[in-house]
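Note sheet for the following structure.
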Amino acid sequence: MTTDHALVAHSASVAYGDRLVVDDVELAVPPGRISVIVGANASGKSTLLKTLARLITPKSGSVLLDGMDVHRIPSRRLAQVLGLLPQNPLAPDGIVVSELVGRGRYPHQSLLRRWSAGDDAAVASALALTGATELADRALDELSGGQRQRVWIAMALAQQTEVLLLDEPTTFLDVTHQVEVLDLLTDLNRERGTTIVVVLHDLNLAARYADHLFALREGRLVASGHPRDVVTEQLVHEVFGLASRVIDDPTSGAPLVLPIGRHHVR
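Numbering of the sequence shown is given in our numbering, commencing with residue 1242 and proceeding in unit increments.
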């Protein structure tokens, strides 16, 4: 199954005071695919994601979900379709893991629909998928950074939206858990057809896991497309200011960027 929700930015610009952070970005998120936003630090990646998620209002332009401006969609309805895991989420002191993950079910509650066995099942499934079941009764404050990140991802999964946006979900994780998280998102995409948009810092992981890449430089979208079309030596230099060689990843066949340091040129 593939979701067909259309998430589109039309000439979206975002400014913090007088500083333009996202500059006239035009993009359409491919439905039912994994898209990754890449770029150097301070290139506007997180700001663009927050704009797509309605956390930030564009200075000009718009973001549309299924043809409607996201700022005109009722909050509960939007949260039933579109979920966001921000880079630095906040939780009340002392909250227990199962309660936090359960908060992902709030958009599905109402005066007429209270907590149900289906909600219990969604929470249990999200904990199991992220390997966090054994943490269910522990306080979030007691966990390591990596464990907390897995729990936050579980909360996002429990929301069971058809569009899921994640800002650096592999932060605080070692390489093993980074791969596990991205494998999990791939499973979610393939099994449920969830449209996923991720901000990633690691270009090689982005190229391996993305169906579609958006590359930002100083707030402008400079490239968009399949990783094979986007990740070139010229693009890496333009976006990251890095000399490199791009070869085929021997494991996945995706583009693999090999940085060239000043002391390692032959």
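Note that the Cβ used here is the ideal one computed from N, Cα and C, for glycine as well.
Predicted model, so just to flag it, every value in this text is computed and none were measured.
Segment limits, beta strand (DSSP E) that includes residue i
i	result
S1284	First-last for S1284: undefined, no H or E at that position.
G1466	R1461 to G1466
S1252	L1248 to Y1257
S1366	It is not in any beta strand (DSSP E) - S1366 instead sits in the alpha helix (DSSP H) that spans A1358 to L1370.
I1437	T1436 to V1440
G1302	S1301 to L1306
R1486	S1485 to D1489
A1269	R1260 to V1270
Within 8 Å, strictly: CB atoms of residue i and residue j
i	j	result
S1301	S1254	yes
V1266	L1289	yes
V1338	L1381	yes
L1326	P1410	yes
H1246	P1272	yes
A1294	L1423	no
D1408	I1275	no
V1438	L1426	no
L1341	V1392	yes
A1481	S1465	According to the sequence provided, residue 1481 is Phe. The question's Ala does not apply to it. No, they are not a contact pair.
L1483	P1468	no
Q1388	L1376	yes
V1420	L1444	no
Q1400	P1333	no
R1458	E1432	no
L1261	G1460	yes
Q1328	S1287	yes
Proximity winner among the options, relative to residue i (alpha-carbon distances)
i	options	result
L1368	R1344, R1433 and L1289	R1344
N1403	V1342, L1483, A1320 and A1373	A quick correction: the sequence has Glu, not Asn, at residue 1403. For the residues V1342, L1483, A1320 and A1373, the minimum Cα distance to E1403 belongs to A1320.
S1485	V1477, I1394 and A1256	V1477
R1258	P1299, H1312 and I1314	The identity of residue 1258 in the sequence shown is Gly, whereas the question assumes Arg. Residue P1299 is the option with its Cα nearest to G1258.
Boundaries (first-last residue) of the alpha helix (DSSP H) holding residue i
i	result
V1342	V1338 to G1343
E1584	Look at the range of the chain in this structure, 1242 to 1507, and you will see that residue 1584 is not part of it.
G1502	Where G1502 is concerned, there is no enclosing alpha helix (DSSP H), given that its DSSP letter is neither H nor E.
H1478	E1474 to F1481
V1322	S1316 to V1322
A1399	G1386 to A1399
Cβ separation of residue i and residue j, assumed to be a contact under 8 Å, to the nearest whole Å
i	j	result
V1249	A1281	No, V1249 and A1281 are not in contact; Cβ-Cβ is about 25 Å, not under 8 Å.
V1263	G1285	5 Å
L1429	T1435	5 Å
V1487	E1474	5 Å
F1413	G1372	With a Cβ gap of about 15 Å, F1413 and G1372 do not count as contacting.
Proximity test, residue i beta-carbon vs the ligand NAP heavy atom, cut-off 7 Å
i	result
V1480	With respect to the ligand NAP, the structure offers nothing, as it holds no ligand at all.
Problem set entry | Any 3 or more C-beta pairs closer than 8 Å across the stretch 1358-1370 and the stretch 1289-1309 | no
Problem set entry | Contact the stretch 1441-1452 vs the stretch 1489-1498: 3+ CB pairs below 8 Å | yes
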